[in-house]
Amino acid sequence: MSLSCPRDRSALKPQTYEAKIEIDACPTCRGVWLDKGELEAIQEAREHDYSKTLAELPDSVARSINKVAQAASGPVGCPKCGAEMAVREYAYCSQIVIDACPEGCGIWLDAGELQALEKFFERSQAEAGDVIPLRWRLWATLAGVFKKSAPASK
Ligand SMILES: [Zn+2]
Ligand SMILES: [Zn+2]
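Straight run, no breaks: the sequence shown in the working numbering ends on number 202.
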């Protein structure tokens, strides 16, 4: 089944990410759709090589990338079920705002947000070290992201 971009309705093109993860990317706005579970797979992949890029991107860069993306965005519909997606900050204090389907289909990332998330994964992994298993933190995060929210009324 082919999905369309929630922002501009372009047909999303399946792309291979990190050799084994398939994501759906928009050729027009460069946003990406991640089915539930794909973000987890990406985070897992980053777990193995976070250190080499960790120092490359200062916090402020990730923040400004995200700010630009959010400025151009309003509420969007889930490409799978059509439900209006909830805008959420990904994880506590990540400063990365994503659109998540309230039905749990997956999440939409505007251009730059996937990269910002990768940096966030890498940084939080490096900071937390072995204190908290990464999977636990991810689970808690996803539980928050996909938690059903009250339907927007308007
Ligand atoms: Zn698009
Ligand atoms: Zn959905």
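Every residue gets a Cβ at the ideal spot worked out from N, C-alpha and C, and that includes glycine.
Since this is a predicted model, take the numbers as computed values, not measurements.
Check                                                                                                                                            : Outcome
Measuring only the C-alpha atoms, how far is residue 75 from residue 92?                                                                         : 26 Å
Is it buried or exposed, residue 62, if we count other Cβ atoms within 10 angstroms and call 16 or more buried?                                  : exposed
Tell me where the beta strand (DSSP E) around residue 73 begins and ends.                                                                        : 69 to 73
For ligand 2, list every residue whose C-beta falls under 6 Å from any of its heavy atoms, going in chain order.                                 : 126, 128, 129, 131, 149, 151, 153
Once the 5 residues before and after residue 144 are set aside, which same chain residues still bring their CB inside 8 Å of it?                 : 110, 114, 137, 138, 161, 164, 165, 168
With DSSP run on the structure shown, which of helix, strand or coil describes residue 132?                                                      : strand
Name the DSSP beta bridge partners of residue 61, please?                                                                                        : 73
For residue 77, which residues in the same chain have their Cβ closer than 8 Å to its Cβ, ignoring the five residues on either side in sequence? : 53, 55, 56, 58, 158, 159
Can you check DSSP and say which residues form a bridge with residue 83?                                                                         : 154
Can you say whether residue 129 is buried or exposed, counting buried as having 16 or more other CB atoms within 10 angstroms of its CB?         : exposed
From residue 71 to residue 90, what does the alpha carbon distance come to, in whole angstroms?                                                  : 10 Å
Around ligand 1, what residues have a beta-carbon under 6 Å from a heavy atom of it, in chain order?                                             : 53, 55, 56, 58, 74, 76, 77, 79
How is the beta strand (DSSP E) around residue 147 delimited, first residue to last?                                                             : 145 to 148
Does DSSP classify residue 142 as helix, strand or coil?                                                                                         : coil
Do you know offhand how far residue 82's Cα is from residue 171's?                                                                               : 21 Å
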